[in-house]
Amino acid sequence: MGPATRGSVIILAGGQSRRMGVDKRRLELGPHTLLETALHSARRVCSEVVMVGRLPPDLRPPNVRCVDDCPGLRGPAAGIAAGLQAISSPRALVLACDMPFVTEALLRHLLTRAAEGWLAVAPRSAGRWEPLCAVYSTECGALVERECAGEHAAVRGFLENHCDEILALGEQELARFGEPSQLFANLNTPEDVKRAARLA
Numbered sequence: 350m351g352p353a354t355r356g357s358v359i360i361l362a363g364g365q366s367r368r369m370g371v372d373k374r375r376l377e378l379g380p381h382t383l384l385e386t387a388l389h390s391a392r393r394v395c396s397e398v399v400m401v402g403r404l405p406p407d408l409r410p411p412n413v414r415c416v417d418d419c420p421g422l423r424g425p426a427a428g429i430a431a432g433l434q435a436i437s438s439p440r441a442l443v444l445a446c447d448m449p450f451v452t453e454a455l456l457r458h459l460l461t462r463a464a465e466g467w468l469a470v471a472p473r474s475a476g477r478w479e480p481l482c483a484v485y486s487t488e489c490g491a492l493v494e495r496e497c498a499g500e501h502a503a504v505r506g507f508l509e510n511h512c513d514e515i516l517a518l519g520e521q522e523l524a525r526f527g528e529p530s531q532l533f534a535n536l537n538t539p540e541d542v543k544r545a546a547r548l549a
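Numbering (my numbering), first residue to last: 350 to 549.
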């Protein structure tokens, strides 16, 4: 595809991989680990990459800024808020490190639609937001910190609360890039990895 654009990608590389039983960032799918696949995708579409999560030295890539999760938040919200504080662009593509089937074409499309000036741009498939492959403006950082501070608060709830300011990419638009259930498949269990290996 085209060259990397001026912009930012936040790779969410935290989580404790409890259901997987091993550090899924190191899991190999094809020739690369899950973390390497996310990093390669990020570098192809944007010039700035920020990685969020507690990363041991051997998982910290050169020329990539690595930051810890935002204190006081849990789950992906902690990574999104921290990443948005760290970027130098007005918006960032957020990508979870365990979604190996997201395509470069889709990532570029998300960034293109985000340039229209939305608070955020997120896929919405089968009635569910896909918050871990979405573009967020830096304005979202403070909003996520405030609205996702509760014990059970989730980023999907944040997107729903601001749906008038957020562009939802529906299934028809997403179908140009692949089957949504596969595009946004994330790997949480050994069974997920086995299914993904058959598709890779």
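All C-beta atoms in this analysis are idealised placements derived from N, C-alpha and C, irrespective of residue type, glycine included.
As the structure is a computational prediction, the values presented were derived from the model and not from experiment.
Among the options, nearest to residue i - alpha-carbon criterion
| i | options | result |
| --- | --- | --- |
| residue 355 | 472, 440, 450 | 440 |
| residue 467 | 429, 409, 514 | 514 |
| residue 492 | 369, 417, 399, 433 | 433 |
| residue 502 | 405, 427, 412, 413 | 427 |
| residue 545 | 470, 378, 360, 391 | 378 |
| residue 463 | 476, 448, 451, 485 | 485 |
| residue 534 | 359, 472, 487 | 472 |
| residue 474 | 489, 407, 530 | 530 |
| residue 521 | 476, 494, 402 | 476 |
CB-CB length for residue i against residue j, believed under 8 Å
| i | j | result |
| --- | --- | --- |
| residue 418 | residue 435 | So it is not a contact: roughly 11 Å between Cβ atoms. |
| residue 387 | residue 446 | 4 Å |
| residue 362 | residue 374 | 6 Å |
| residue 443 | residue 429 | 6 Å |
| residue 422 | residue 494 | 7 Å |
| residue 399 | residue 392 | That belief does not hold up - the Cβ atoms of residue 399 and residue 392 are roughly 12 Å apart, past 8 Å. |
| residue 384 | residue 536 | Rounded, the Cβ-Cβ distance is 12 Å, inconsistent with contact. |
| residue 470 | residue 516 | 4 Å |
Span separating the alpha-carbon of residue i from that of residue j
| i | j | result |
| --- | --- | --- |
| residue 456 | residue 480 | 13 Å |
| residue 414 | residue 395 | 14 Å |
| residue 512 | residue 409 | 35 Å |
| residue 538 | residue 368 | 5 Å |
| residue 404 | residue 509 | 31 Å |
| residue 452 | residue 507 | 25 Å |
| residue 489 | residue 390 | 23 Å |
| residue 458 | residue 424 | 26 Å |
| residue 532 | residue 448 | 8 Å |
| residue 380 | residue 438 | 31 Å |
Bridge partners - residue i, DSSP secondary structure assignment
| i | result |
| --- | --- |
| residue 547 | According to DSSP, residue 547 bridges with nothing at all. |
| residue 472 | 518 |
| residue 354 | 395 |
| residue 445 | 361 |
Please give me, in chain order, every unbroken run of the alpha helix (DSSP H) with length at least 4 that falls completely inside the stretch 357-440. 383-394, 424-435, all fully within the stretch 357-440.
What are the complete beta strand (DSSP E) segments, minimum 3 residues, inside the stretch 477-519? 482-486, 515-518
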